[in-house]
Amino acid sequence: MRHSGASIRRWASAALAVLAALACADARTAPPSVILGEWGGDHAGLVATPDSGTLEYDCATGRITEPLRPRSDGSVTALGTHTPGHGGPVRIDEVPARRPARYTGRVEGDQLSLTVVLTDSAVTVGTFVLVRGRSPHVVKCL
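This is the structure we're talking about:
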């Protein structure tokens, strides 16, 4: 069976178009090498830098002390601290009760779910769903 040059070119063009579409789809779903920027959601907000992150959530703050580097499946784990807040004024000599914490979650596109667990007691502080570029909605201690 003979094929004309034109039919071979059409077939090759179609095959290249399919391969290019698949490559683009993979590029869109691949997680970033480091989570960066401002992320917000109900009850929490994150500002992530190349080497750390700061969190503010209802009546508490957190500090991630290493880069948030997602694995190829989008999962992320990082260590840091959690500092519970309290209502009323903060005394000048008051030392915050920082507790060691593990931050785990998953990034998918512009959404990050993040769970905070205190490592000295295995207590889960909460799971927060954050969106890149969204303002956080946080309740201050009363």
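Residue numbers (our numbering): 3 to 144.
Note that the Cβ used here is the ideal one computed from N, Cα and C, for glycine as well.
If you're wondering where the values come from, they're calculated on a predicted model, not measured in any experiment.
According to the DSSP assignment, residue 65 belongs to the beta strand (DSSP E) that extends over 62-66. Around the C-beta of residue 116, 16 or more other C-beta atoms lie within 10 Å, and the residue is accordingly described as buried. Residue 51 is bridged by DSSP to nothing; it lacks a bridge partner. Secondary-structure assignment with DSSP links residue 57 through a beta bridge to 48 and 64.
For residue 88, same chain residues with a beta-carbon under 8 angstroms away, outside a window of 5 residues either side, are 61 and 143 in chain order. A distance below 8 angstroms between beta-carbons, with the five flanking residues on each side excluded, links residue 85 to the following residues of its chain, in chain order: 62, 63, 64, 65, 98, 99, 100 and 101.
Taking each of 110, 71 and 67 in turn and checking the Cα distance to residue 82, the smallest one comes out for 67. Taking C-beta atoms under 8 angstroms as the contact rule, residue 46 and residue 38 fail to qualify, at a distance of about 17 angstroms. Comparing C-alpha distances from residue 69 to each of 51, 104 and 90 shows the shortest one belongs to 51. At a Cβ-Cβ threshold of 9 angstroms, residue 133 and residue 114 count as neighbours. The alpha helix (DSSP H) runs of length 4 or more contained entirely in the region 67-110 do not exist; there are none.
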